[in-house]
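Residue numbers (our numbering): 71 to 229.
Cβ coordinates follow ideal geometry from the N, Cα and C atoms, glycine included.
Worksheet: the structure to be examined is printed underneath.
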Amino acid sequence: MDTLSYKTLSATPATIEKEWVVIDATDQVLGRLCSKIAKILRGKNKPDFTPNLDCGDNVIVINADKVIMLGDKMEKREYLRYTGYPGGQRTFTPGDLMAKSKKKTIKAGRHPLFIKVVKGMLPKTKLGAAQLMNLYVYNSSEHPHAAVNPKVIDINKIK
Numbered sequence: 071m072d073t074l075s076y077k078t079l080s081a082t083p084a085t086i087e088k089e090w091v092v093i094d095a096t097d098q099v100l101g102r103l104c105s106k107i108a109k110i111l112r113g114k115n116k117p118d119f120t121p122n123l124d125c126g127d128n129v130i131v132i133n134a135d136k137v138i139m140l141g142d143k144m145e146k147r148e149y150l151r152y153t154g155y156p157g158g159q160r161t162f163t164p165g166d167l168m169a170k171s172k173k174k175t176i177k178a179g180r181h182p183l184f185i186k187v188v189k190g191m192l193p194k195t196k197l198g199a200a201q202l203m204n205l206y207v208y209n210s211s212e213h214p215h216a217a218v219n220p221k222v223i224d225i226n227k228i229k
């Protein structure tokens with residue numbers, strides 16, 4: 071047995087092939103959906119996963135307003151934020167973020183609830199920030215990325 075023939079192949083920026091995928095969030099549980107999205111963004115579903123490179127796909131999530139949270143978490147769960155000033159602790163719920171996503175002032179494709187949840191599942195580094203920029207979330211079934219010919223995947227088939 072030749073042990074020198076077993077080589078670990080790592081991806082390089084020249085060999086990385088990024089794809090565009092569309093995921094329908096209708097009647098999906100938020101946390102379970104976002105954990106699968108984070109896995110696709112990192113590239114952990116690919117055989118040539120390299121932890122120090124952005125080898126994940128670009129993800130487009132449609133029908134984000136039809137996502138569910140089990141129980142009464144949409145109104146009872148609280149997220150905290152601190153402004154940096156005395157008495158500046160702010161609380162908000164997932165329902166508040168869903169309502170905020172429908173405002174015209176939010177940039178298209180940057181859904182605050184999905185950004186908050188997926189960001190917590192990615193590395194807290196520059197690489198994680200770059201991978202988060204590959205996520206586009208829309209409340210309706212329309213998206214402006216039709217020119218890149220994204221492939222539609224069934225999120226229930228991904229483990």
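Start and end residues, alpha helix (DSSP H) containing residue i
i: R147; result: Counting along the chain, R147 falls outside any alpha helix (DSSP H), and DSSP gives it neither H nor E.
First and last residue of the uninterrupted beta strand (DSSP E) at residue i
i: I107; result: It is not in any beta strand (DSSP E) - I107 instead sits in the alpha helix (DSSP H) that spans 100-112.
i: L205; result: 205-207
i: I130; result: 128-132
Residues near residue i in its chain [Cβ-Cβ closer than 6 Å; skip 5 each side]
i: Q98; result: V137
i: V131; result: I93, A95, V207
In DSSP terms, what residue i is bridged to
i: Q201; result: The partner list for Q201 (beta bridge, DSSP) is empty, contrary to what the question assumes.
i: K221; result: V91
i: L152; result: The question names Leu, but residue 152 is Tyr in the sequence shown. DSSP lists Q159 as partners of Y152.
i: I138; result: V99
8 Å contact criterion, which residue i and residue j should meet: CB distance rounded
i: V205; j: L111; result: For the record, residue 205 in the displayed sequence is Leu; it is not Val. Right, the Cβ-Cβ distance comes to about 6 Å (below 8 Å), so this counts as a contact.
Close-in-space but distant-in-sequence residues of the same chain around residue i (CB under 8 Å, 5 per side omitted)
i: M168; result: D135, M144, L183
i: S105; result: M191
Query raised in the report: At what residue ranges does the stretch 161-190 contain a whole run of the alpha helix (DSSP H), taking only runs of 4 or more?
Result: 164-171, 182-189
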